[in-house]
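Participant: The following block contains the structure, expressed as structure tokens.
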Amino acid sequence: MRHGKKFNHLGRKTAHRKAMLSNMACSLIEHKRINTTEAKAKALRKFVEPLITKSKEDTTHNRRVVFSYLRSKEAVTELFKEISVKVAERPGGYVRIIKLGNRQGDNAPMAMVELVDYNELYDPKGNKAKKTTRRSRRGGAKKVEAAVETQTSQEEE
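In terms of the working numbering, the sequence shown opens at residue 4 and continues consecutively.
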């Protein structure tokens with residue numbers, strides 16, 4: 004029976020699952036975006052979000068705790084120096100999962116996992132590029148004024 008066992012075991016033994024999630028988390032921290040299956044993406048979100056929360060407070064203890072999960076000095080350094088600064092105001096929800104459809108070979112549902120603050124398309128602060136005004140094909144007011152002036156000059160002649 005699996006009463007109270009809430010996380011997905013992903014069809015792997017404990018050591019394999021922990022190593023896989025650790026490697027995926029390091030890749031996500033390094034590249035800011037990875038493609039994987041939906042089940043692994045959901046497991047990765049539960050794995051990496053508490054680590055990002057810990058990285059907001061840069062203490063020796065938090066670094067050691069995060070290192071015990073990630074086992075990569077480079078990933079820990081990048082997490083504490085760059086990512087924690089970007090997500091400092093965010094109260095959670097650091098990872099976004101976007102479904103991509105099914106994989107060609109085995110029809111497995113695929114997803115893209117990305118860090119929310121590193122996506123340029125979805126700006127969290129709403130700082131969108133200034134939208135240009137729409138222009139008509141006729142040329143707008145300037146040409147209309149010029150046409151009226153030429154008509155009046157022709158009528159005077």
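Don't be surprised by glycine CBs; every beta carbon is placed ideally from N, CA and C.
Bear in mind the structure is a predicted one, so any value in this text is a computation, not a measurement.
With 16 as the cutoff for other CB atoms within 10 Å, does Ala78 come out buried or exposed?
Facilitator: Mapped onto the sequence shown, residue 78 falls at position 75. Buried.
Participant: For the 8 Å Cβ check, are there 3 or more pairs between the segment 72–89 and the segment 29–41?
Facilitator: Yes: the two stretches touch, three or more of their Cβ pairs being nearer than 8 Å.
Participant: Residue range of the beta strand (DSSP E) that Pro112 falls in?
Facilitator: As a first step, residue 112 must be located in the sequence shown, where it is residue number 109. Run containing Pro112: 112–118, per the beta strand (DSSP E) assignment.
Participant: Would you kindly work out how many angstroms separate the C-alpha atoms of Glu33 and Glu81, rounded to a whole number?
Facilitator: As a first step, residue 33 must be located in the sequence shown, where it is residue number 30. As a first step, residue 81 must be located in the sequence shown, where it is residue number 78. Rounded to whole angstroms, Glu33 to Glu81 spans 8 Å at the Cα level.
Participant: I need the straight-line Cα distance from Glu92 to Arg140, nearest angstrom please.
Facilitator: Along the sequence shown, one-based indexing puts residue 92 at 89. Along the sequence shown, one-based indexing puts residue 140 at 137. Those two C-alpha atoms are separated by around 46 Å.
Participant: May I ask which residues mark the beginning and end of the alpha helix (DSSP H) holding Asn38?
Facilitator: Counting from one through the sequence shown, the residue named residue 38 turns up at place 35. First-last for Asn38: 36–40, but that is the beta strand (DSSP E), not the alpha helix (DSSP H).
Participant: Roughly how many angstroms separate the alpha carbons of Ala111 and Leu47, rounded to a whole number?
Facilitator: Residue mapping note: residue 111 aligns to position 108 of the sequence shown, counting from 1. Residue mapping note: residue 47 aligns to position 44 of the sequence shown, counting from 1. Going by the C-alpha atoms only, they are around 17 Å apart.
Participant: For Arg15, which of Ala42, Arg66, Lys57 has the nearest alpha-carbon?
Facilitator: Within the sequence shown, numbered from 1, the residue matching residue 15 stands at position 12. Per the Cα distances, Ala42.
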